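Here the protein sequences line up with chains A and B, keeping their order.
Our numbering applies: residue 27 is where the first sequence begins, and numbers increase by one.
Our numbering applies: residue 27 is where the second sequence begins, and numbers increase by one.
Since the structure comes first, as structure tokens, the remarks are kept for the end.
2 protein chains.
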Amino acid sequence: MHENLLSYINRHSPTPLTKDEEALVIATFQPKKFRKKQYFLQEGDVCKYAGFIVKGAMRQYRVDEKGAEHIVHLFIENYWANDRESSTMLTASKYNIDAWEDTEILVITRAEMLDLMSKIPAMTEMIRLMDERNAIANQRRLNSTLSNTAEKRYEEFATNHPQFIQRFPQHLIASFLGITKETLSRIRKQALK
Amino acid sequence: MHENLLSYINRHSPTPLTKDEEALVIATFQPKKFRKKQYFLQEGDVCKYAGFIVKGAMRQYRVDEKGAEHIVHLFIENYWANDRESSTMLTASKYNIDAWEDTEILVITRAEMLDLMSKIPAMTEMIRLMDERNAIANQRRLNSTLSNTAEKRYEEFATNHPQFIQRFPQHLIASFLGITKETLSRIRKQALK
DNA sequence: AAAAACCGTTGATATTTATCAACGGTTTTA
DNA sequence: TAAAACCGTTGATAAATATCAACGGTTTTT
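Given below as structure tokens:
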């Protein structure tokens, strides 16, 4: 169950985990299962857990005043599900995170994570690297959103994240890209020619 | 010259700097001046420096295939100018950063920063906190971009960042929000009623 | 002091994207 | 296995935003 996580940590830090550290990681991360459609986080709650996805797929979204959903993140294996704003500021989350498929996930509280980081240098390294990548990815996404047309954004996304295209239905991809499902459908039709 | 930076660091870390640490910070950050329009970073170069702005204003932008500029960040006093992707991955930057006003800035290389972080815990804390805030701010900006109309985005921006509205001309604000200057002009006219 | 560059605005028009409604083919649920 | 929910598509139309061109008033440069 924890192998994916251990190898993820080792892949993202210069110093491999010792056996003791591995044991501590395993003891701290708690395995949970979420059935399809089950909430990992609901709007209004404080996000108490970060979750490392071992198997399955989740989505994070916001519901606007008119009741429309806006996908902000899609997660699959080896991704972290979390509302960072809520969990670090301890404020009510504006987002929902739920399971799109039946999902196995390893959860950890913020306090536990800070404790692990103080005890395991590799953990701190990993978090730093993750943050770095995340910052870069967000910057790219923002750019793409601000200065490309819907068509180009879809192209970019499809070439950079083919796994997501296969895994999630089109209307979720459309929402993630900030366009309607109808527009995406038409873009794809165009692209075939 | 360095007071702003020292107080910034102390404001963003739980443990205040010791006198020795202060001296080290002052010795490491190098003061530079940039005249209006002067480049801090040019597209194609690797971003070697991060800069803490002591006085003045800068902008970061991308030039697309058609030669149009897209503002991705605006910086004023107490902001950090940097292309994170380029400076951490050592890749050619896709961005330009230049001075919008005459600007005084304290620069540091990535290697120097890592060295400082290893010697000064408060520095590491500061960077972590900064990263955290940045991640949160980016998430918010992305959301706003994906799910709000241009009008609402401008409203949000104007209430959350009045300093920028006063400091930069409208066409830069428009570009930052991902809309044209004409559209922003019309939105503002509407809003007066 | 004249010329040039910059800035915000407005009008006319074109393009992009959203909205609304309907359909047939899945897949899931009861 | 029948009913319901879900999914992608298409058409008609509406709304949001971009583009192009021009203007007068600054401010900056020469």
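We treat Cβ as the ideally placed atom computed from N, Cα and C, and that holds for glycine.
This structure is a prediction, so every number in the text was calculated from the model and none was measured.
Look at the region 152-175 of chain B: the residues with a C-beta under 7 Å from a C-beta of chain A are D157, E158, N160, A161, I162, N164, Q165, R167, L168, N169, T171, L172 and S173.
Taking the Cα of E69 of chain B as reference, the smallest distance to any Cα among B:A76, B:E111, B:Y121 and B:K178 is reached at B:Y121. Going by DSSP, D46 of chain B is part of the alpha helix (DSSP H) stretching over K45 to T54. For Q86 of chain A, the three-state secondary structure derived from DSSP is strand.
The alpha carbon of T135 of chain B has as its nearest neighbour, out of B:Q56, B:K45 and B:S201, the alpha carbon of B:Q56. For Q86 of chain B, the closest C-alpha among the options A:M149, A:I213 and A:N169 is that of A:N169. Relative to the Cα of H38 of chain A, the nearest Cα in the group A:D71, A:R167, A:L155 and A:D46 belongs to A:L155. Within the region 100-188 of chain B, the complete beta strand (DSSP E) runs of at least 3 residues fall at 122-125 and 129-135.
Here the C-alpha atom of I205 of chain B lies approximately 23 Å from the C-alpha atom of A161 of chain B.
Put simply, the backbone Cα of F190 of chain B is about 19 Å away from that of Y34 of chain B. Secondary structure note for I205 of chain B: it is in no alpha helix (DSSP H), with a DSSP letter that is neither H nor E. In the DSSP assignment, V98 of chain A forms no beta bridge with any residue. Going by beta carbons, T171 of chain B and R179 of chain B fall inside the 9 Å limit. A contact is defined here as three or more CB-CB pairs under 8 Å, and the region 127-145 of chain A meets this definition with respect to the region 58-77 of chain A.
Pairing T117 of chain A with L210 of chain A, the inter-Cα distance amounts to about 34 Å.
Nearest CB-CB separation between M115 of chain B and chain A: below the 9 Å threshold. DSSP, reduced to helix, strand and coil, places F190 of chain B within a helical segment of the structure shown.
With respect to the 9 Å criterion, L67 of chain B and D109 of chain B are classified as neighbours on the basis of their beta carbons. In terms of Cβ geometry, A176 of chain B and L198 of chain B do not form a close pair [threshold 9 Å]. It is roughly 46 Å from the alpha-carbon of K145 of chain A to the alpha-carbon of R193 of chain B. M27 of chain A sits away from V72 of chain A, with the two beta carbons spaced by 9 Å or more. Counting along the chain, the unbroken beta strand (DSSP E) around V80 of chain B starts and ends at Y75 to K81.
Beta-carbon to beta-carbon, A83 of chain A and E127 of chain A are separated by about 5 Å, close enough to satisfy the 8 Å threshold. Neighbours of E181 of chain A in chain B, taken as residues whose beta carbon is under 9 Å from its own, are absent, since the nearest beta carbon is some 14 Å off. Collapsing the DSSP output to three states places K62 of chain B in coil.
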